[in-house]
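All remarks here apply to the structure that follows.
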């Protein structure tokens, strides 16, 4: 158990809908990262927040947005869902500072778009 | 731009065989970290090892060993005396500092199947 929690574990929804994935980092970690793992794109970095501020952006679609709240939990919002958005979404957190580069991954949220 | 290549898509071995998973990376940065993660069928990502770019010492942990060679930009992973429980997808990843943050670039993964 990494200490990173993600809810829900599974999510099934329809095309065109909007969903919110939630992540709570390990106690004391200030950074939260989101990754998407799909069959055709593999494991891809989406976005990073550090203490509420966006720090790095990867291949995140405009239909997707994220935020980190004052209590440091983060939410990833996916809207106008398409079949291709079906994937496993991981959240990771890391301690303050960039020195170790270590990221602790949550168990993931499996999103199925029908 | 950074890139991680895992050329082996799938490897099948018989239990107790040794197996090496290859990883080649590309980056212009001089400071970086390399990782290996295991993803069993249950789906979670399990951290195996982290190595920074200044430490080329090879590492052994039980049946696992890692060979880091900067000259060939490779960070290979060997499992000795493989077991059925080693069956999983293994990912190599590269971490760079960028804009005050770090991001992991993953390879496409190698599916390892260990059979009896």
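Chains as they are written, first to last, in the working numbering: chain P, 62 to 175; chain F, 931 to 1046.
Glycine included, each C-beta is placed from N, C-alpha and C at the ideal position.
Legend entry - Buried/exposed call for residue 73 of chain P, threshold 16 Cβ in 10 Å: exposed
Inset, instruction - Please report the residue range of the beta strand (DSSP E) in which residue 73 of chain P lies. - result: 71-74
Legend entry - Complete beta strand (DSSP E) runs within the region 137-164 of chain P (minimum length 3 residues, chain order): You should have 148-155.
Legend entry - Residue-level contact to chain P via CB, residue 995 of chain F, 9 Å cutoff: no
Legend entry - Candidates F:1031, F:1044, F:1019, F:997, of which the one nearest residue 964 of chain F by Cα: F:997
Legend entry - Per-residue contacts from residue 1025 of chain F into chain P (C-beta, under 9 Å): 162, 163, 164
Legend entry - Of the listed residues P:171, P:113, P:96, P:86, nearest to residue 156 of chain P (C-alpha basis): P:86
Legend entry - Span separating the alpha-carbon of residue 165 of chain P from that of residue 75 of chain P: 30 Å
Legend entry - Contacting residues, own chain, Cβ-Cβ under 7 Å from residue 944 of chain F (five flanking each side not counted): Result list for residue 944 of chain F: 1045, in chain order.
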